[in-house]
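Inspection log for the structure reproduced underneath, given as structure tokens.
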Amino acid sequence: MSEAKLVANNPAQDRGAREQDLIARVQRGERELFYELVQPYERRVYAAALAILRNEADAEDAAQEAMLKAFANIRQFRQEARFSTWLIQVTVNEALMRRRRQRTVIMEPIDDRGDNDAEQDYAPRDFADWREIPSESLERKEVRQKLTEALATLDRKYREVFVLRDVEHMNIQETAEALGISIASVKTRLLRARLMLRDLLAAGWQQGWFSRLPFEKGTKPW
Amino acid sequence: MVDRDTINRDTTNGDAVNCEQVWREISNYLDGEVDGALRSAMEEHFKICTRCTSVLEGVRNVTLLYGDERMLEVPAGFGLRLEKSLEKKLAQDARQNERRWSPWSAWLVPLAALALVTAGVQMASSVAPNRVMRAPMAQAGQGIPPDLVVLVATGTKVFHVAGCTFIHNKETLRSTTAKEAIAEGYVPCLRCMRKYLDVAAIRRAEAAGEMEADADDEEVRVTAH
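Protein chains in written order, with the working numbering: chain A, 631 to 852; chain B, 4 to 228.
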């Protein structure tokens, strides 16, 4: 089989090549193609903004502004980084800037502002017998809602690291650069965020959040 | 289930790790950020510790659930609003580009007009350099003897010889030489100075004829050679 056919048969490579082509064309001046370029990432951009701002309206404003800034500065994008990483980085910068502006008006709780990672280790609280949670459970809106609520309870510094690393799938180095913190801080905060969420989800596990179906097959709910 | 104290006691031998150490490194373990020795020690620990296995499975579930694309929800109409704002920005940029060009276009029209006028003037001057005034009244009076006594009157532009019937403002008449009258800006009277003006015309014609003859002679000489 020829190399060209192999490339054509690989959807991920196809998407990558298509994205490279779109980037080059937008950089050359075909600016009307920009939305097509960023559309696959609009959810991730919004999630990054929401993780930092914790308010849906602010997150949408920040996400839109970030997209416009990316649009204005698309010529500065170099292929050294992934386009998605660059876009999320622009979004994080925009959201952090907005939060700094908000802080001059609204005082955030003191415990949410601390940047000191030299704190006591977090010990897991629940040791229930965990099994793999079926991914189909995410089809249910109430499950997604519970997970979103659990994430929202985390302090800002843990939530930001967790979202960039585990939701946006940025690596440790990219997460550290995006948030302007050390790699050691990323690892410490990530561990704590994951353990805390695990405890929160363990409670839900016991309450049956993630059961495959709300009622057994063959039985009627009425 | 293995007792936790038992596990902690186990850590006293060799490369074994205790539960606290496992919890501290469990995130790095999942990310592949621990070295080989620690990884092996942790894997050994998971075999005998149900608590740490529970923690490991729980953290793995967390990363799998939150890393799922379905968790990325956006408000209804988000994409549409984003597309609209990008379209608006495109239109705004286009308007700004037009405005950026407008000062140039505003200057280009008068600059072009100025260039055309300048070019026209230069062309006109190059076509007719040192044009000779042909009207007799415009002649400075060539052929008139410079020491000829002539009459000039204040408020007129013409000088005459005595007895000319076309003298105006006779009460202000004064006599002077033709040379001085010409220097003061007076021109010869067409009637009384006709003789001199005709002489001047004949002389100009003769001079022009001589020049043509000289040119012909020169041509003949060149041909002869």
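Each residue gets a CB set at the ideal place from its N, CA and C atoms; glycine is no exception.
Please read these numbers as outputs of a predicted model, since none were measured by experiment.
For residue i, report the span of its beta strand (DSSP E) as first-last.
i, result
"Ile180(B)", "The sequence shown places Thr at residue 180(B), rather than the Ile named in the question. Note, Thr180(B): beta strand (DSSP E), Leu176 to Thr180."
"Thr692(A)", "It should be noted that the sequence gives Ala, not Thr, for residue 692(A). Run containing Ala692(A): none in the beta strand (DSSP E); it sits in the alpha helix (DSSP H), Glu686 to Ala702."
"Ala156(B)", "Val152 to Ala156"
"His163(B)", "Val161 to His163"
Please list the terminal residues of the continuous alpha helix (DSSP H) segment that includes residue i.
i, result
"Val656(A)", "Pro641 to Gln657"
"Val791(A)", "Arg786 to Phe792"
"Ala806(A)", "Ile802 to Leu809"
"Ser57(B)", "Thr53 to Tyr69"
"Val720(A)", "Phe713 to Arg733"
"Leu777(A)", "Lys771 to Ala782"
"Arg27(B)", "Cys22 to Leu33"
"Phe664(A)", "Phe664 to Val668"
"Ala19(B)", "Unbroken run through Ala19(B): none, as it is neither H nor E."
"Tyr752(A)", "Note, Tyr752(A): premise wrong, no alpha helix (DSSP H); not H, not E."
"Glu604(A)", "Nothing can be reported for residue 604(A): it is not among the residues displayed for chain A, which extend from 631 to 852."
In or out: residue i buried (at least 16 other Cβ within 10 Å) or exposed?
i, result
"Asn64(B)", "buried"
"Ala79(B)", "exposed"
"Val124(B)", "exposed"
"Val152(B)", "exposed"
"His48(B)", "buried"
"Val112(B)", "exposed"
"Val20(B)", "buried"
"Leu843(A)", "Any reading at Leu843(A) needs caution, since the residue's pLDDT is 48, under 50, leaving its predicted position unreliable; the model's value is listed next. Exposed, since its Cβ has fewer than 16 Cβ neighbours within 10 Å."
"Ala208(B)", "exposed"
"Glu798(A)", "buried"
"Thr168(B)", "exposed"
"Met126(B)", "exposed"
"Gly61(B)", "buried"
Quick one: is residue i near chain A, going by C-beta distance under 7 Å?
i, result
"Pro78(B)", "yes"
"Lys87(B)", "no"
"Leu75(B)", "yes"
"Lys92(B)", "yes"
"Thr3(B)", "Any answer about residue 3(B) is impossible in this case: the structure gives chain B only from 4 up to 228."
"Val112(B)", "no"
For residue i and residue j, what's the separation of their Cα atoms in angstroms?
i, j, result
"Phe26(B)", "Thr715(A)", "According to the sequence shown, residue 26(B) is Trp rather than Phe. So the alpha carbons of these two residues sit roughly 29 Å apart."
"Glu260(B)", "Ser43(B)", "As shown, chain B starts at 4 and ends at 228. That puts residue 260(B) outside it, with no answer to give."
"Gln650(A)", "Ala711(A)", "12 Å"
"Ile653(A)", "Leu784(A)", "36 Å"
"Asn11(B)", "Glu695(A)", "Any reading at Asn11(B) needs caution, since the residue's pLDDT is 46, under 50, leaving its predicted position unreliable; the model's value is listed next. When rounded, the distance between both Cα atoms is 53 Å."
"Glu766(A)", "Ala97(B)", "47 Å"
"Asp741(A)", "Asp751(A)", "Residue confidence is low: Asp741(A) scores 46 on pLDDT, short of 50, so the model does not pin down where it sits. Its coordinate-derived value is still stated next. Asp741(A) and Asp751(A): Cα-Cα distance of roughly 17 Å."
"Ala823(A)", "Ser815(A)", "12 Å"
"Arg730(A)", "Glu72(B)", "29 Å"
"Lys91(B)", "Gly70(B)", "33 Å"
"Met74(B)", "Arg774(A)", "6 Å"
"Arg743(A)", "Arg733(A)", "Interpretation of Arg743(A) is limited by its pLDDT of 44, a score under 50 that renders its predicted location unreliable; the figure taken from the coordinates is listed afterwards. Distance between the alpha carbons of Arg743(A) and Arg733(A): 10 Å."
"Asn100(B)", "Glu86(B)", "21 Å"
"Ile704(A)", "Arg674(A)", "18 Å"
"Asn640(A)", "Ala647(A)", "11 Å"
"Thr721(A)", "Met697(A)", "8 Å"
"Gln860(A)", "Ala808(A)", "Not covered by the structure: residue 860(A). The range shown for chain A is 631 to 852."
"Ala210(B)", "Ile170(B)", "33 Å"
"Cys192(B)", "Thr175(B)", "17 Å"
"Arg789(A)", "Arg661(A)", "34 Å"
"Leu119(B)", "Met196(B)", "45 Å"
"Leu831(A)", "Leu821(A)", "15 Å"
"Gln145(B)", "Lys173(B)", "25 Å"
"Leu68(B)", "Lys776(A)", "12 Å"
"Asp688(A)", "Gly39(B)", "45 Å"
"Val190(B)", "Glu183(B)", "11 Å"
"Leu114(B)", "Thr121(B)", "11 Å"
"Ala156(B)", "Ala165(B)", "12 Å"
"Ile51(B)", "Ser57(B)", "12 Å"
"Arg206(B)", "Ile147(B)", "12 Å"
"Ser88(B)", "Val668(A)", "13 Å"
"Glu46(B)", "Gly659(A)", "54 Å"
"Cys55(B)", "Arg728(A)", "40 Å"
"Gly158(B)", "Ala116(B)", "43 Å"
Would residue i count as contacting chain B if we go by Cβ distances under 7 Å?
i, result
"Pro754(A)", "yes"
"Leu768(A)", "yes"
"Leu821(A)", "yes"
"Leu663(A)", "no"
"Glu804(A)", "no"
"Val797(A)", "yes"
"Ala676(A)", "In the sequence as displayed, the identity of residue 676(A) is Tyr instead of Ala. Chain B contact via Cβ: present."
"Asp861(A)", "What is shown of chain A runs 631 to 852, which leaves residue 861(A) out entirely."
What residues in the region 24-45 of chain B bring their beta carbon closer than 9 Å to a beta carbon of chain A? Cβ contacts with chain A: Trp26, Arg27, Glu28, Ile29, Ser30, Asn31, Leu33, Asp34 and Glu36.
Of the residues that make up the region 690-708 of chain A, which ones have a beta carbon closer than 7 Å to any beta carbon in chain B? Only Glu690, Gln694, Met697, Leu698 and Phe701 from the region 690-708 of chain A bring a Cβ to less than 7 Å from some Cβ of chain B.
Given a limit of 9 Å on CB to CB distance, which residues of the region 643-669 of chain A reach chain B? For the region 643-669 of chain A, the residues whose beta carbon sits under 9 Å from a beta carbon of chain B are, in order, Arg661, Glu662, Phe664, Tyr665, Val668 and Gln669.
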